[in-house]
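Visitor:
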Amino acid sequence: MTHVIELISQILPGAFIHSIYVDPNPSLDERKSLFGNANAEVDLVCEQLKNITELSHGFGAIGFSQGGLFLRALIERCLVSVSTLITFGSPHMGVLELPVCQPKDDWICKQRNEFLKRQVWQDSVQKQIVPAQYFRDTKEYDKYLEHSNFLADINNERENFDSKAKERFESLQKLVLVQFDEDTTLVPRESAFFQERHPNTGKILPISATRVFKENLFGLRTLYEQGKIEFHRVEDEHMRFSDEFLTTIVAQYFAGQST
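Numbering that gives the first Met the number 0 applies: residue 0 is where the sequence shown begins, and numbers increase by one.
1. Which residues bound the alpha helix (DSSP H) around Leu33?
2. Are Ser80 and Gly62 touching if we call contact CB-CB under 8 Å?
3. Would you mind stating whether Ser190 and Val94 have Cβ atoms separated by less than 8 Å?
4. Please classify Val171 as buried or exposed, where buried requires at least 16 other C-beta atoms within 10 Å of its C-beta.
5. Just how far apart, CA to CA, sit Phe69 and Glu96?
6. Determine contact between the segment 209–218 and the segment 152–163, defined as no fewer than three beta-carbon pairs at a distance below 8 Å.
7. Quick one, are the C-beta atoms of Lys49 and Glu40 less than 8 Å apart?
8. Take every Cβ of the segment 179–193, pair it with every Cβ of the segment 231–251, and state whether three or more of those distances are shorter than 8 Å.
9. Grab the span of the beta strand (DSSP E) containing Gly62 for me, first residue to last.
10. When you compare only the Cα positions, how much space is there between Arg188 and Ala14?
11. What does DSSP give as the partner residues of His197 in its beta bridges?
12. For the beta strand (DSSP E) containing Phe240, name the first residue and the last one.
13. If you check the beta carbons only, do Thr184 and Pro130 fall under 8 Å apart?
14. Can you round the beta-carbon distance between Glu229 and Lys173 to whole angstroms, since I take them to be within the 8 Å contact cut?
15. How many whole angstroms separate the CB atoms of Phe298 and Glu75, which I take to be in contact at a CB cut-off of 8 Å?
16. If you drop the 5 nearest sequence neighbours on each side, which residues of the same chain put their C-beta closer than 6 Å to that of Phe87?
17. Tell me the residue span of the beta strand (DSSP E) that contains His231.
18. Quick one: measure Cβ to Cβ for His91 and Trp120, integer angstroms, because I've assumed they're closer than 8 Å.
19. How many Å lie between Ala254 and Val175 at the Cα?
20. Please classify Arg117: is it buried, with 16 or more other beta-carbons within 10 angstroms of its beta-carbon, or exposed?
21. Within its chain, find whatever has a CB closer than 6 Å to the CB of Arg71; leave out the 5 residues flanking it on each side and keep chain order.
22. Evaluate Asn294 with the Cβ neighbour count: other Cβ atoms within 10 Å of its Cβ, from every protein chain shown; 16 or more gives buried, anything less gives exposed.
23. Does DSSP put Gln47 in a helix, in a strand, or in coil?
24. Check this for me: beta carbons of Lys138 and Pro198, under 8 Å apart or not?
25. In the DSSP output, what is Lys202 paired with across the bridge?
26. Out of Leu204, Tyr252, Glu166 and Ile203, which has the shortest C-alpha to C-alpha gap to Asn215?
27. Measuring only the C-alpha atoms, how far is Pro25 from Met0?
28. Straight-line CA distance for Val21 to Glu29?
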């Protein structure tokens, strides 16, 4: 992340840049990206940003992997003004698999993931394991709606429709989505483009065929029809992109904004 900040500073000299954290201790901050309650973490970041004077008049935001999803939640829930949101490989429509084990033949890790998948709808898992809170299996959609601790609310998929969240998301001037076409960490990779798998055929549905789009649950269709969504692809694995690509994206969409 330090390299990304340095690169953005070179692209936008003089711009105010703030790197969001959940805990000021880097090791604890990394741990909380896996263990914790996503709702509480979004609330904490909301208070963090509201107390930064330089961001009080609006800013652009960039999120990597699950950070992009959490930034979207922030926009929907927090009284901050975000003009442009850029997300890299973010699980906007959830994941079907928990984080890939590294190395991939790590038996203990694989067994742990299988156990968590079997328990994924348990309240204890939903409120303590961060990736489980955006687990979304269209084959178990009813269970997802009943038990999801985070994503079902962010996507406004439940009956207790949040019109304010929709209005806040619709206030975006630009939504930039980056998908990694060889992504094996984000499953399905098309979640980064708000796409999902058909529960019966397993085929990837286009964004316009999803319920969240057709019913405009949180304003996605509004932005799409206004021409405010940009789609970019990277021919590589999850979060593998060149400095040149990031430079192009930042220069194109963040010129003149705080970040």
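Using N, Cα and C, we set each Cβ at its ideal position, and we do this for glycine too.
Guide: On the basis of the supplied data:
1. Here residue 33 refers to the residue found at position 34 of the sequence shown. No alpha helix (DSSP H) holds Leu33; DSSP gives it neither H nor E.
2. The residue given as residue 80 occupies position 81 in the sequence shown. The residue given as residue 62 occupies position 63 in the sequence shown. No, Cβ-Cβ distance for Ser80 and Gly62 is not below 8 Å.
3. Indexing the sequence shown from 1 puts residue 190 at position 191. Indexing the sequence shown from 1 puts residue 94 at position 95. Result yes, Cβ atoms of Ser190 and Val94 sit closer than 8 Å.
4. Taking the sequence shown and counting its residues from 1, the one referred to as residue 171 is at position 172. The sequence given here has Leu at residue 171, not Val. Looking at its Cβ environment, which holds 16 or more other Cβ atoms inside 10 Å, Leu171 is buried.
5. By one-based count along the sequence shown, residue 69 stands at place 70. By one-based count along the sequence shown, residue 96 stands at place 97. When rounded, the distance between both Cα atoms is 18 Å.
6. yes
7. Your numbering for residue 49 matches position 50 in the sequence shown. Your numbering for residue 40 matches position 41 in the sequence shown. No, the Cβ-Cβ distance between Lys49 and Glu40 is not below 8 Å.
8. yes
9. The count along the sequence shown starts at 1 and reaches residue 62 at position 63. Taken as a continuous stretch (DSSP letters only), the beta strand (DSSP E) holding Gly62 covers Phe58 to Phe63.
10. Position 189 of the sequence shown holds residue 188. Position 15 of the sequence shown holds residue 14. If you take the alpha carbons of Arg188 and Ala14, they lie about 32 Å apart.
11. Translated into the one-based positions of the sequence shown, residue 197 becomes position 198. For His197, which the question treats as bridged, DSSP gives no partner whatsoever.
12. Counting from 1 along the sequence shown, the entry for residue 240 is found at position 241. Neither: Phe240 is in no beta strand (DSSP E) and is coded neither H nor E.
13. Residue mapping note: residue 184 aligns to position 185 of the sequence shown, counting from 1. Residue mapping note: residue 130 aligns to position 131 of the sequence shown, counting from 1. Taking 8 Å as the Cβ cut-off, Thr184 and Pro130 do not qualify as a contacting pair.
14. Counting from one through the sequence shown, the residue named residue 229 turns up at place 230. Counting from one through the sequence shown, the residue named residue 173 turns up at place 174. Their Cβ separation, rounded to whole angstroms, is 7 Å, which keeps Glu229 and Lys173 in contact under 8 Å.
15. This structure does not reach residue 298, given that the chain is present from 0 up to 258, and the question cannot be answered.
16. Taking the sequence shown and counting its residues from 1, one reaches residue 87 at position 88. Cβ within range, chain order: Phe63 and Val177.
17. Stepping through the sequence shown from its first residue, residue 231 is reached at position 232. It spans Ile228 to Val233 - the beta strand (DSSP E) in which His231 sits, taken as one unbroken run.
18. On the sequence shown, residue 91 is found 92 positions in, with the first residue counted as 1. On the sequence shown, residue 120 is found 121 positions in, with the first residue counted as 1. No, His91 and Trp120 are not in contact; Cβ-Cβ is about 20 Å, not under 8 Å.
19. On the sequence shown, residue 254 is found 255 positions in, with the first residue counted as 1. On the sequence shown, residue 175 is found 176 positions in, with the first residue counted as 1. Spanning the two alpha carbons is a distance of roughly 14 Å.
20. Taking the first residue of the sequence shown as position 1, residue 117 is located at position 118. With fewer than 16 other Cβ atoms within 10 Å, it is exposed.
21. Counting from one through the sequence shown, the residue named residue 71 turns up at place 72. Answer for Arg71: no residue qualifies.
22. With the chain covering only 0 through 258, there is no way to say anything about residue 294.
23. One-based indexing of the sequence shown puts residue 47 at position 48. Looking at Gln47 - three-state DSSP - the assignment turns out to be helix.
24. Looking up residue 138 in the sequence shown gives position 139. Looking up residue 198 in the sequence shown gives position 199. Yes.
25. Here residue 202 refers to the residue found at position 203 of the sequence shown. Per DSSP, none; premise fails for Lys202.
26. Counting from one through the sequence shown, the residue named residue 215 turns up at place 216. Residue Glu166 is the option with its Cα nearest to Asn215.
27. Residue 25 sits at position 26 when you count from the first residue of the sequence shown. Residue 0 sits at position 1 when you count from the first residue of the sequence shown. The alpha-carbon atoms of Pro25 and Met0 are separated by roughly 11 Å.
28. Residue mapping note: residue 21 aligns to position 22 of the sequence shown, counting from 1. Residue mapping note: residue 29 aligns to position 30 of the sequence shown, counting from 1. Between Val21 and Glu29, the C-alpha separation is close to 9 Å.
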